[in-house]
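Quick note: the sequence shown, position 395, residue 395 per the numbering used here, numbers continuous. Cβ coordinates follow ideal geometry from the N, Cα and C atoms, glycine included. Below: one structure, written as structure tokens.
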Amino acid sequence: MVKPEISWHNIFLFFLIVTVGSLPLSPFLTSVGIIGSAVSWLFAGSLKGKKAGLIRSNDVWLFLGIYFLHIVGLLYTSDFTYAFHDLKVKLPLLVLPVIFVTAGPLTFTERRIILIFFTAAVVTSSIISASILLIPGKLNGEDVRQMAPFISHIRLALMVDLSIFTAFSFGLTAQRRWERYLLFGAGIWLVIFLFLLKSFTGLILFLVCLFVLIPVYQHKIPSFFWRRVIVVISIVVPVISLIYLVVSVRRYYSFDETNPHQVAVYTEGGRAYRHDFRARDVENGHFVWQNVCEDELRIAWPLRSRIPYDSLDRRGNPIRFTLIRYLTSKGLPKDSLSVMRLADDEISSIENGVANYLYRNKLALYPYVYRVLWELDSYARGNNPSGHSVAQRIIYWKAALQIIRENIWFGVGTGDVQQAFNAYYERNEVNLQRKFWLRAHNQYLTFMVTFGIPGFLIIMAGLLLPFFRKIKYISFLAAVFLIISFLSMIPEDTLETQAGATFFAFFYSFFILANRE
């Protein structure tokens, strides 16, 4: 007869799998998994033993200090609606560490099962997302990041990174050939998907883990042959990526300089072109405001589209600018003849806000690199960065630093972060549409804005001290997770969403706090 403790432990394990398996697929099931884990944890084992284990664990108290500090931040906040929402989102930072530390230790097999289910769920999510990208008509516009239907594409990219290294790590130690092929196949597919997803954060973190961790942990690979192959890959891939980036930058800044005395004066229809040689806006090396005849564009565009020439495209930008940029990207003059030569699917792309023909290629990487360079170049020339995620971050970080200087000791409190940013944008008349008045997009800056420098140091102690106390026992996958998590907090507010907070709390507890070696 099975003992009740064992039965409840199996139920507890099941809900842990539900939690981690639903992370890339269903926020609702993630909540169900956490609640189920907490309930089954209450019945699995002795509460007295759990209490004693919690009291003995200094590391978990350090980590829980992060959540407790958010509660303290209620004392000097004014927006309690957002404050309680924030506490709800970050609840996994309180619940999961306690569960993992005080529950009975998971066996090697159980830990492996959890990671396999997580990887399988990420593979499933990636296949669904790829179908959205590849099936015609499923994705409109140039932003392929919309292909992630369940959670933010950035959070998904972090999970893909961890799953890639999990699949290859398990594949190298698999005993059965079919397991090895299956795991290697999953890992290769996820690498391909990471490039399809085009998350700059995800790609950079993948390369960093590859370059930094493989040489450190390569001695643990049992096969001498695979050890050498993987070390070579860990060096060659980042180097090739760096070369590709340098070539892409040089390609972007290769401009088609025009002699003012040799430009076309009239269109084939006899109307005059306008040339602004001072404007430096470019698309694929061609200057946007040269060879422009808006009189003809205004006549020809209604013949190809139902969207008025002076209206907005489906991304909210003036469609006349989208059209002019698109024609420029193809090296065409901006006149009626060029508009009439466009294919019907190109007209649809322009209506959807695609301003460069490169962006229509959803599989290539260069269009994404080009867009990042274009955003930075456009911002440097003083253009409005609204809707441009990379350029907007520069504004967000400037705003955060100013708010920190004004609230250096205690921050603005748990609920007043967005209010502080809104006040900054209004006070400084920032050139940014109001719908893009967002927060720091940097978790470290967000902590400083919320709690000041002393509070930030308390949080960093809670994050780093448990890790440093167990640094001798950190496994390869734990190191991958830590690099992914801590570096992702530079361009993102990783812990400000349910998926991000749960991902971090689950695996930090799994790899670090519950590590009993």
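{"Item": "M489, enclosing alpha helix (DSSP H) - first and last residue", "Value": "Segment: none, M489 is in no alpha helix (DSSP H) and carries neither H nor E."}
{"Item": "Residue environment, N384, which counts as buried when at least 16 other CB atoms sit within 10 Å", "Value": "exposed"}
{"Item": "Cut-off 7 Å between Cβ atoms - residues of its own chain near V282, not counting five sequence neighbours on either side", "Value": "F255, V288"}
{"Item": "Reduced DSSP category for P4 - H, G, I as helix; E, B as strand; rest coil", "Value": "Note that P4 scores a pLDDT of 46, beneath 50, so its modelled location is shaky; the value from the coordinates is reported in the next line. Three-state result, P4: helix."}
{"Item": "Per DSSP, cross-strand counterpart(s) of H286", "Value": "E283"}
{"Item": "Which of helix, strand or coil DSSP assigns to A272", "Value": "strand"}
{"Item": "Cα-Cα separation, W61 to F168", "Value": "34 Å"}
{"Item": "Coil, strand or helix - V292 by DSSP", "Value": "strand"}
{"Item": "Per-residue DSSP class, three states only, for Y266", "Value": "strand"}
{"Item": "D416 vs S78 beta-carbon contact at 7 Å", "Value": "yes"}
{"Item": "Proximal residues to I55 (C-beta, below 6 Å), its chain only, five neighbours per side dropped", "Value": "none"}
{"Item": "Integer-rounded CB distance, given that V95 should sit under 8 Å from G53", "Value": "Actually they are not in contact, since the Cβ atoms of G53 and V95 sit about 15 Å apart, beyond 8 Å."}
{"Item": "Sequence-distant residues of its chain with Cβ nearer than 6 Å to A478 (five each side left out)", "Value": "F511"}
{"Item": "Secondary structure, beta strand (DSSP E): runs of 3+ residues fully inside the segment 194-266", "Value": "none"}
{"Item": "beta-carbon G382 near the ligand GDP non-hydrogen atom, thresh 6 Å", "Value": "The ligand GDP is absent from the structure shown, which contains no ligand whatsoever."}
{"Item": "Sub-7 Å separation of I132 and M147 beta-carbons", "Value": "yes"}
{"Item": "N291 burial status per 10 Å Cβ neighbour count (16 or more: buried)", "Value": "buried"}
{"Item": "For L312, the residue or residues it bridges with in DSSP", "Value": "P318"}
{"Item": "Identity of the residue in V236, R250, Q418, V20 nearest R111 by Cα", "Value": "V20"}
{"Item": "Proximity below 7 Å, CB of R393 to CB of I347", "Value": "no"}
{"Item": "Inter-stretch contact at 8 Å, needing at least 3 Cβ pairs: the segment 5-15 / the segment 33-47", "Value": "yes"}
{"Item": "Residue closest to I34, alpha-carbon to alpha-carbon, out of T502, K198, V72, L513", "Value": "T502"}
{"Item": "Option in E351, S248, L190, L74 with minimal Cα separation from S129", "Value": "L190"}
{"Item": "Where K50 sits in the DSSP three-state scheme", "Value": "helix"}
{"Item": "Whole-Å CB distance - F504 paired with T494, under 8 Å assumed", "Value": "6 Å"}
{"Item": "With 16 other Cβ atoms within 10 Å as the buried cut-off, status of P260", "Value": "exposed"}
{"Item": "Proximal residues to Q498 (C-beta, below 6 Å), its chain only, five neighbours per side dropped", "Value": "P27, V89"}
{"Item": "Helix, strand or coil at K470 according to DSSP, with G and I counted as helix", "Value": "coil"}
{"Item": "Alpha-carbon spacing of E5 relative to R155, whole angstroms", "Value": "With a pLDDT of only 49 at E5, under 50, the local geometry of the prediction cannot be trusted, and no value is derived from it."}
{"Item": "N- and C-terminal bounds of the alpha helix (DSSP H) containing S26", "Value": "Taken as a continuous stretch (DSSP letters only), S26 belongs to no alpha helix (DSSP H), as it is neither H nor E."}
{"Item": "Spatial distance of L358 from R371 (CA atoms)", "Value": "9 Å"}
{"Item": "Expected contact under 8 Å - CB spacing of A157 and P24 to nearest Å", "Value": "Rounded, the Cβ-Cβ distance is 10 Å, inconsistent with contact."}
{"Item": "Beta-carbon gap between D161 and G187 smaller than 7 Å", "Value": "no"}
{"Item": "Local conformation of K334 per DSSP, three classes", "Value": "strand"}
{"Item": "Per-residue DSSP class, three states only, for N537", "Value": "Since the displayed the chain opens at 1 and closes at 517, residue 537 lies outside it and no answer follows."}
{"Item": "Between the CA atoms of Y252 and Y67 - distance to the nearest angstrom", "Value": "45 Å"}
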